[in-house]
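Enquirer: I'd like to ask you about the structure that follows.
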């Protein structure tokens, strides 16, 4: 996982909470800090449509039809033709993750 620290550098964070900078220095972070950093991505999938370019509105409409069964999903347009899809319920998150589109 990477956390943007400023406009110039990125920091790699391992799952045990050790932060590794580009220079190799290690800085311990707490589990709470790690959880806070992960909150924006918890319960979301990063999606890219291979072989085609598709607009945000079309992707949002299609994914709401196919994936939003109980609640709703929120879609965020991310650079390089990726979309972040946030799910309301765990069941909705697990369906595309485990069973595919």
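Numbering (the working numbering), first residue to last: 869 to 969.
For every residue, glycine included, the Cβ atom is placed at its ideal position computed from N, Cα and C.
It should be emphasised that the depicted structure is a prediction, and the values quoted were computed from it without experimental measurement.
Here's a check: name, in chain order, each residue in its chain whose Cβ is nearer than 6 Å to the Cβ of residue 915, leaving out the five neighbours to either side.
Expert: Cβ neighbours of residue 915 beyond the five flanking positions: 951 and 953.
Enquirer: Please work out which residues of its chain come closer than 7 Å, Cβ to Cβ, to residue 934, disregarding the five sequence neighbours upstream and downstream, and give them in chain order.
Expert: 969
Enquirer: Residue 929 and residue 940: beta carbons closer than 7 Å?
Expert: no
Enquirer: Whole-angstrom Cβ separation of residue 927 and residue 943, contact assumed at under 8 Å?
Expert: Confirmed, Cβ separation roughly 6 Å.
Enquirer: State the Cα-Cα distance for the pair residue 948 and residue 963, rounded to the nearest angstrom.
Expert: 25 Å
Enquirer: With DSSP as the reference, label residue 917 as helix, strand or coil.
Expert: coil
Enquirer: When the distance is taken between beta carbons, is residue 911 closer than 7 Å to residue 961?
Expert: yes
Enquirer: To the nearest angstrom, how far is the alpha carbon of residue 907 from that of residue 919?
Expert: 31 Å
Enquirer: Measuring straight from C-alpha to C-alpha, what distance separates residue 937 and residue 966?
Expert: 15 Å
Enquirer: How long is the line joining the alpha carbons of residue 925 and residue 958, rounded to whole angstroms?
Expert: 24 Å
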